[in-house]
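Q:
Numbering (our numbering), first residue to last: 28 to 356.
(1) Whether or not the region 303-319 and the region 188-203 are in contact is what I'm after, with contact meaning three or more pairs of Cβ atoms, one per stretch, closer than 8 Å; do they touch?
(2) Which residues does DSSP pair with residue 284 in a beta bridge?
(3) Which residue or residues does DSSP assign as beta-bridge partners of residue 70?
(4) Between which two residues does the alpha helix (DSSP H) carrying residue 196 extend?
(5) Span of the alpha helix (DSSP H) holding residue 340?
(6) Using 10 angstroms around the beta-carbon of residue 331, count the other beta-carbons present and answer buried if the total reaches 16, otherwise exposed.
(7) May I ask you to list the residues that DSSP assigns as paired with residue 300?
(8) Nearest-angstrom Cα distance between residue 130 and residue 103?
(9) Assuming contact is defined by CB atoms lying nearer than 8 Å, are residue 188 and residue 235 in contact in what I supplied?
(10) Helix, strand or coil: how does DSSP classify residue 236 here?
(11) Considering only residues of the same chain and omitting the five flanking positions on each side of residue 270, which have a CB-CB separation below 6 Å?
(12) Taking the alpha carbon of residue 97 as the point to measure from, which residue in 151, 209, 318 and 220 has its own alpha carbon closest?
(13) Classify residue 371 as helix, strand or coil using the three-state DSSP reduction.
(14) Can you tell which of 136, 128, 165 and 110 has the C-alpha that lies nearest to the C-alpha of residue 83?
(15) Compute the Euclidean distance between the alpha carbons of residue 242 and residue 353, then round it to the nearest angstrom.
(16) Looking at residue 281 and the ligand ATP, is the gap between the Cβ and the nearest heavy atom below 7 Å?
(17) Do residue 191 and residue 125 have their beta-carbon atoms positioned less than 8 Å apart in this structure?
(18) When burial is assigned at 16 or more other CB atoms within 10 Å of the CB, is residue 60 buried or exposed?
(19) Using only alpha-carbon positions, find the residue among 345, 336 and 176 that is nearest to residue 106.
(20) Taking the C-alpha atoms as reference points, what is the distance between residue 140 and residue 134?
(21) From residue 254 to residue 275, what does the alpha carbon distance come to, in whole angstroms?
(22) Could you give the residue range of the alpha helix (DSSP H) that holds residue 122?
(23) Give the straight-line distance between the Cα atoms of residue 81 and residue 88, rounded to the nearest whole angstrom.
(24) Quick test of your reading: residue 229 and residue 312, contact by CB under 8 Å. State the CB separation rounded to the nearest angstrom.
(25) With burial defined as no fewer than 16 other Cβ atoms inside 10 Å of the residue's Cβ, what is the status of residue 202: buried or exposed?
(26) Run through the DSSP bridge pairs and tell me what residue 175 is partnered with.
(27) Going along the chain, which unbroken runs of the alpha helix (DSSP H) with 4 or more residues stay wholly within the region 134-185?
(28) Under the rule that 16 or more other beta-carbon atoms within 10 Å means buried, what is residue 72, buried or exposed?
(29) Taking the straight line between their C-alpha atoms, what separation do you get for residue 319 and residue 310?
(30) Can you grab the Cα-Cα spacing for the pair residue 333 / residue 186, in whole Å?
(31) Between which two residues does the alpha helix (DSSP H) holding residue 98 run?
So this is what it looks like as structure tokens:
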């Protein structure tokens, strides 16, 4: 029995050593095989390719969701990396993609795989966050002052535990008695305040929910269960051209491929638009509703606040090489 325990201890120690060596190798490769300037040039090329892909596929929302779910596992109380979770590229592993909250995100990972294969020096963590920021801007949203140079996790064992992301409906996974308490539990864990929670929630101005993914709506993939806003001929894009990518699902807003402040206008179409308890609480809670009303009145204020908090979200739990990061603009 003692021998088995010793073998198990040695095996765990060896796995930890392998992970440490892999992290060192990843860090060294990212900046030894490509200087900072070369990496920046590669990122600029990747950004153009992402723009072309988004323009063709109308995949803005799922790229934003992928980046949020990679970074949204962060726990500021955990000081070691990558155990703290966050924007480290771990969501590319099947283990994490298998989490209930990540249903359907394999589609976004597959979109990015082609670009990753063509530009192997770009980390997954950077590619995911660049995809999201590019998607926001393409949809008419603010330009986000992003930093790049994130180091990837390298093994599936480094994926975070399941249950770190917000639920749409009760019963909430953290045991919270209300939607407001649940949102605060999740976002306070990451270091956000009430104003930042409301600003981040405004990203629901783009995107849809699907029966096959979150399961919170009866509307699934395809035209048969599409709403008038998610059918093929609806003009939801910021440039007003037709095309919604795959039809179906249910959106929060009418023009769900346009990033603006319409989420805060609470469009009263309960049949064709989505509004969940975690949305409703934002305009009813005494603290949240102050910021909700501010953003409804002032799109520029929303854009300014959103750009800051998106940047903050994109850097949660990230290890940068070089430490100061790399900017593109």
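Built from N, CA and C at the ideal position, the CB exists for glycine as well.
A: With the given structure in hand:
(1) Output reads yes: the region 303-319 touches the region 188-203.
(2) Indexing the chain shown from 1 puts residue 284 at position 257. Note: residue 284 sits in a beta bridge opposite 264.
(3) Here residue 70 refers to the residue found at position 43 when the chain shown is read from its first residue. For residue 70, which the question treats as bridged, DSSP gives no partner whatsoever.
(4) Working through the chain shown from its first residue, we reach residue 196 at position 169. Counting along the chain, no alpha helix (DSSP H) covers residue 196, and no H or E run does either.
(5) To locate residue 340, count along the chain shown from 1; it is residue 313. Here the alpha helix (DSSP H) through residue 340 covers 326-342.
(6) Reading the chain shown from its first residue, position 304 is the one you call residue 331. By the 10 Å Cβ count, residue 331 comes out exposed.
(7) Within the chain shown, the letter at position 273 stands for residue 300. Answer by DSSP bridge pairing, in chain order: 278.
(8) As a first step, residue 130 is located in the chain shown; it is residue number 103 there, counting from the start. As a first step, residue 103 is located in the chain shown; it is residue number 76 there, counting from the start. Distance between the alpha carbons of residue 130 and residue 103: 25 Å.
(9) In the chain shown, the residue the question calls residue 188 occupies position 161. In the chain shown, the residue the question calls residue 235 occupies position 208. Not in contact: residue 188 and residue 235 (Cβ atoms no closer than 8 Å).
(10) Along the chain shown, read from residue 1 onward, the residue named residue 236 stands at position 209. The answer is strand: DSSP assigns residue 236 an E or B state.
(11) For the purposes of this step, residue 270 is taken as the residue at position 243 of the chain shown. Answer for residue 270: 85, listed in chain order.
(12) In the chain shown, residue 97 corresponds to position 70, counting from 1. Checking every option, the nearest Cα to that of residue 97 belongs to 151.
(13) Since the first residue of the chain shown is 28 and the last is 356, residue 371 is not available in this structure.
(14) Reading the chain shown from its first residue, position 56 is the one you call residue 83. Residue 165 is the option with its Cα nearest to residue 83.
(15) The residue you call residue 242 lines up with position 215 of the chain shown. The residue you call residue 353 lines up with position 326 of the chain shown. Residue 242 and residue 353: Cα-Cα distance of roughly 39 Å.
(16) In the structure on display, the ligand ATP does not appear, and there are no ligands present to speak of.
(17) Numbered from its first residue, the chain shown carries residue 125 at position 98. Numbered from its first residue, the chain shown carries residue 191 at position 164. Against a cut-off of 8 Å, the Cβ pair of residue 191 and residue 125 comes out as no contact.
(18) Counting from 1 along the chain shown, the entry for residue 60 is found at position 33. Reliability fails at residue 60, whose pLDDT of 45 lies under 50, so the model's placement of it is uncertain and the value that follows must be treated cautiously. Label assigned to residue 60: exposed.
(19) The residue labelled residue 106 in the question sits at position 79 within the chain shown. When each option's Cα is compared against that of residue 106, the closest is 345.
(20) Indexing the chain shown from 1 puts residue 140 at position 113. Indexing the chain shown from 1 puts residue 134 at position 107. Going from the Cα of residue 140 to the Cα of residue 134 covers about 10 Å.
(21) Locating residue 254 in the chain shown gives position 227, where the first residue counts as 1. Locating residue 275 in the chain shown gives position 248, where the first residue counts as 1. Rounded to the nearest angstrom, the two C-alpha atoms are 7 Å apart.
(22) Mapped onto the chain shown, residue 122 falls at position 95. Per DSSP, residue 122 belongs to the alpha helix (DSSP H) from 121-124.
(23) Locating residue 81 in the chain shown gives position 54, counting from the first residue. Locating residue 88 in the chain shown gives position 61, counting from the first residue. If I take the Cα positions, the gap works out to 10 Å.
(24) Position 202 of the chain shown, counting from 1, holds the residue named residue 229. Position 285 of the chain shown, counting from 1, holds the residue named residue 312. Between residue 312 and residue 229 the Cβ distance is about 15 Å, and since that is not below 8 Å, they are no contact.
(25) By 1-based counting over the chain shown, the position of residue 202 is 175. Classification of residue 202: exposed, given that the 10 Å Cβ count is below 16.
(26) Taking the first residue of the chain shown as 1, we reach residue 175 at position 148. DSSP, once it has assigned bridges, lists 353 as partnering residue 175.
(27) 151-165
(28) As a working mapping, residue 72 is identified with position 45 in the chain shown. By the 16-neighbour rule on beta-carbons within 10 angstroms, residue 72 is exposed.
(29) Working through the chain shown from its first residue, we reach residue 319 at position 292. Working through the chain shown from its first residue, we reach residue 310 at position 283. Their Cα atoms are separated by approximately 6 Å.
(30) Residue numbering aside, residue 333 sits at position 306 when the chain shown is read from its first letter. Residue numbering aside, residue 186 sits at position 159 when the chain shown is read from its first letter. So the two alpha carbons sit approximately 27 Å from each other.
(31) In the chain shown, residue 98 corresponds to position 71, counting from 1. That run of the alpha helix (DSSP H) goes 87-98.
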